[in-house]
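As given, the protein sequences belong to chains A and B, one line each in that order.
For the first sequence, position 117 matches number 117 in this note's numbering, and the numbering has no gaps at all.
Here this note's numbering runs 1000 ahead of the position in the second sequence, where the first position is 1.
Don't be surprised by glycine CBs; every beta carbon is placed ideally from N, CA and C.
Note that this is a predicted model, so its numbers are computed, not measured.
Quick notes on the structure that follows.
There are 2 protein chains.
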Amino acid sequence: MLWVKLSRKCATMAEPKTIVNPLFLREDDLRQAIELLFFAYRDFTARGDAILARQHFGRAHHRILYFVGRYPGIPVGDLLDILNITKQSLSRVLSQLVREEYVLQKPGTRDRRQRLLYLTDKGKTLERELTSEQRMRFAAAYKDAGAVAVEGFRKVMLGIMDAKARKRFLSPFET
Amino acid sequence: MLWVKLSRKCATMAEPKTIVNPLFLREDDLRQAIELLFFAYRDFTARGDAILARQHFGRAHHRILYFVGRYPGIPVGDLLDILNITKQSLSRVLSQLVREEYVLQKPGTRDRRQRLLYLTDKGKTLERELTSEQRMRFAAAYKDAGAVAVEGFRKVMLGIMDAKARKRFLSPFET
DNA sequence: CGATTATGTCAGCACTGTTGACATAAATCG
DNA sequence: CGATTTATGTCAACAGTGCTGACATAATCG
């Protein structure tokens, strides 16, 4: 549309970056960082949302499928910690996934209060469909960017996360 | 909570990268990438959401304030392009911001159909409060990660974005 | 002038997150 | 054992955000 006019105003957005002093972070660099994250996340999630809409599902369904697939047998409480939402929010979506047989619940053996979560075959299929698009996206981006860039990406993302999440990410065996 | 137990199960997440199978490594790297983006975005937006909740606002309000602050005088259509939402979705939030005097609308001079958007002082204040937290987050992350990592982050994020958005980001003068 | 464009609005629906209240079963502690 | 805590679930209400569909106005354009 009026992207040309708009673009004139954001000329600084794409000026050649010859980063001289990393400690002197310009306002514009930080704005650009915010926008990179915004646009990347926006496009990263867009196709998954479209797939989910077919099933009358939303992004929350994908998140559950993803993390249950990632940690088969995960208790509900751990999932809540990962997602940082209330049990009521989780319950609505999770019970739907259980009812429609994407997710299976088994009582815990050590602690029989727990409901351990597993993907059914149906759940695995949908999870794969959703996540594979995102993996391909990262595979392409990683390949284009190169190993050094990937390590840089990792560092910056870890720096953006809260200390708690970063700690978990880096030393999962820690109490 | 049960993070210890969970952690046992996600051992692959942080195991030293000495595993031989290259296919497994690749899969795991990509999963890790997805999770880095998820956790970073989750924590990146959390504090802003809390601030917005005070004003009975949501993330959409922040996005409008942000981009109007970024491109003063932006027409509504351009904002729609940036946000990738429908005019109805935008309108609900934008008219609220206009009504409560965070955003000012002026008819365009060249094209009087357009409503050019500007932040009021009130809007600037709130935008600054919201964005400054995010800028500080990136400032700290960038500082810790170093210049090389920042460039890597940029590359990967650009690779994740859709080609259209990447093009705009990289060559804003292009038609 | 007729068609298109920029913008707005009303209505309805769906997903997702919140708070508050209440409930059950199992583990834990004194 | 009995009291308490923990893990989980559920009902209800409310708010924010995105969508579709339909309709409206004013300005621009050919």
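Nearest CB-CB separation between A/Gly48 and chain B: not below the 8 Å threshold.
Beta-bridge partners assigned by DSSP to A/Leu119: A/Val103.
Against chain B, the beta carbon of A/Arg154 has neighbours under 7 Å at Leu1036, listed in chain order.
Looking at the backbone, the Cα of A/Ile34 and that of B/Arg1070 are separated by about 12 Å. Within chain A, the C-beta atoms nearer than 7 Å to that of B/Arg1137 come from Ile160, in chain order. By the neighbour-count definition (other C-beta atoms within 10 Å, threshold 16), B/Gln1114 is a buried residue. Shown here, B/Ile1034 sits in a helix according to DSSP, grouped into three states.
When 9 Å is used as the limit between beta carbons, B/Phe1057 is near no residue of chain A, the shortest such separation being about 17 Å. For A/Glu133, the nearest beta carbon of chain B is not closer than 8 Å to its own beta carbon.
Under the three-state reduction of DSSP, B/Ile1074 is assigned to strand. Taking a C-beta distance under 8 Å as the contact criterion, B/Gln1134 and B/Gly1073 do not qualify as a contact pair. In this model, B/Gly1108 and B/Val1076 are separated by some 11 Å (Cα to Cα). Counting of Cβ neighbours within 10 angstroms places A/Gly58 among the exposed residues, the total staying below 16.
At a cut-off of 8 Å between C-beta atoms, B/Asp1144 counts as an interface residue with respect to chain A. B/Phe1039 sits in a helix when the DSSP states are folded into three classes.
Ranked by how close their Cα comes to the Cα of A/Leu117, the residues A/Asn84, A/Glu127, A/Val103, A/Gln55 have A/Val103 in first place.
Here A/Lys122 has Glu101, Tyr102 as same chain residues with Cβ atoms under 6 Å from its own Cβ, once five neighbours each way along the sequence are excluded.
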